[in-house]
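One structure is given below, encoded as structure tokens.
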Ligand SMILES: *Cc1c(COP(=O)(O)O)cnc(C)c1O
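Okay, here's the thing in structure tokens:
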């Protein structure tokens with residue numbers, strides 16, 4: 119069975135982790151935390167990095183840091199992971215969904231302005247599957263309407279728009295370092311910002327909102343969302359090799375495209391002019407003339423020894439939100455189509471050319 123994703127941990131990870139253990143700095147303070155925060159922020163073009171326990175808590179901290187009044191609306195894509203909507207709902211805000219573009223799977227910027235109301239306070243673009251959102255255009259829309267921007271860059275480490283890295287455009291940007299992301303700490307996340315006040319708020323929210331001048335006196339509820347020095351040690355070693363990881367993903371995408379581009383039954387990932395896609399995972403979408411759906415496609419591939427994963431099910435199709443009176447009766451046609459007709463094939467950083475050949479042949483055979 120060819121696994122859908124495996125991390126690559128062949129750099130300085132063991133050496134740095136051993137250093138942590140030997141030094142005794144295994145908790146959430148230590149030199150690897152600060153080095154990882156500073157270096158990741160610098161890599162993305164932001165001033166401050168605040169490391170945290172995972173990408174989901176990064177999003178929660180980012181929304182909390184904006185300190186928005188209850189009922190504030192945040193515009194986000196319907197096609198995404200639940201972490202985005204969770205962060206919005208848990209902070210007392212309301213997610214307002216926009217459908218995605220059929221080729222990039224990113225939120226449709228043409229549809230954003232129509233969703234802005236007097237209660238809108240922020241936009242949360244998600245750089246989907248490694249393809250960056252057109253951030254210069256999105257930032258202009260946000261500026262025109264005085265809205266904050268929280269980038270979810272959990273799938274797009276190293277992706278660029280006009281030569282600038284994602285994570286450096288928004289007021290806040292969130293990353294995940296889960297094991298299937300482009301660089302990993304096992305579990306981990308980070309919020310980036312260039313605003314010193316937001317950075318201070320993020321640090322406070324991460325650590326139970328202790329007050330610097332009077333530790334056990336609280337004026338606000340925070341969380342324990344800390345990352346450990348040991349995880350940051352892994353992250354620093356991963357960051358040293360990020361260019362290699364990004365190149366590997368781009369190589370994988372080229373190899374799949376060469377082998378699959380003639381199949382009229384499939385839509386393959388794209389790369390728009392002027393951007394750098396980092397192809398987090400290689401997604402395939404069945405054309406309408408294919409007489410079966412992604413569930414059947416996945417079963418056929420499984421039978422041929424190829425693991426796959428489905429694409430996201432839209433936020434408007436989630437019973438958990440319907441129960442809360444959210445998104446009832448909403449339709450987002452592109453998102454619904456991707457959920458039913460899309461999947462992704464093995465895309466890990468350890469993938470070999472022989473595996474890409476085998477997956478491509480299995481895909482071809484499955485479509486017969
Ligand atoms: C993985 C992911 C997250 C959540 O990250 P975790 O570290 O798993 O909590 C958030 N947003 C997107 C787009 C993701 O792909």
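In the working numbering, the protein residues as written are 119 to 486. Backbone N, C-alpha and C fix where the C-beta goes; we use that ideal spot for every residue, glycine too.
Residue of the options minimising C-alpha distance to residue i
i	options	result
residue 407	129, 377, 383 and 284	383
residue 295	286, 305, 288 and 289	305
residue 467	362, 255, 429 and 481	362
residue 399	428, 422 and 311	428
residue 474	161, 370 and 321	370
residue 241	211, 152, 359 and 221	211
residue 341	219, 349 and 320	320
residue 221	390, 372, 243 and 127	390
residue 200	477, 191 and 174	174
heavy atom of ligand 1 below 8 Å from residue i C-beta
i	result
residue 161	no
residue 453	no
residue 93	The chain is shown from 119 up to 486; residue 93 falls before or after that span and cannot be answered.
residue 346	no
residue 296	yes
residue 244	yes
residue 270	yes
residue 273	yes
residue 307	yes
residue 177	yes
residue 280	no
residue 325	no
residue 299	yes
Collapsed DSSP secondary structure at residue i in the structure displayed
i	result
residue 194	strand
residue 251	coil
residue 392	coil
residue 202	helix
residue 270	strand
residue 238	strand
residue 402	strand
residue 277	coil
residue 374	helix
residue 353	helix
residue 215	strand
residue 408	coil
Test: residue i CB closer than 9 Å to a CB of chain D
i	result
residue 143	No chain D is present in this structure, which holds just one protein chain.
(message) Quick check on the DSSP output: what are the complete alpha helix (DSSP H) runs of length 4 or more inside the region 419-447, in order along the chain?
(response) 437-440
(request) Let me know the alpha helix (DSSP H) ranges lying completely inside the region 122-192, each 4 residues or longer, listed in chain order. (result) Fully enclosed alpha helix (DSSP H) runs of 4 or longer: 131-141, 149-162 and 173-183.
(request) Within the region 282-344, note down every full beta strand (DSSP E) run reaching 3 residues or more, in order along the chain. (result) 290-294 and 307-311
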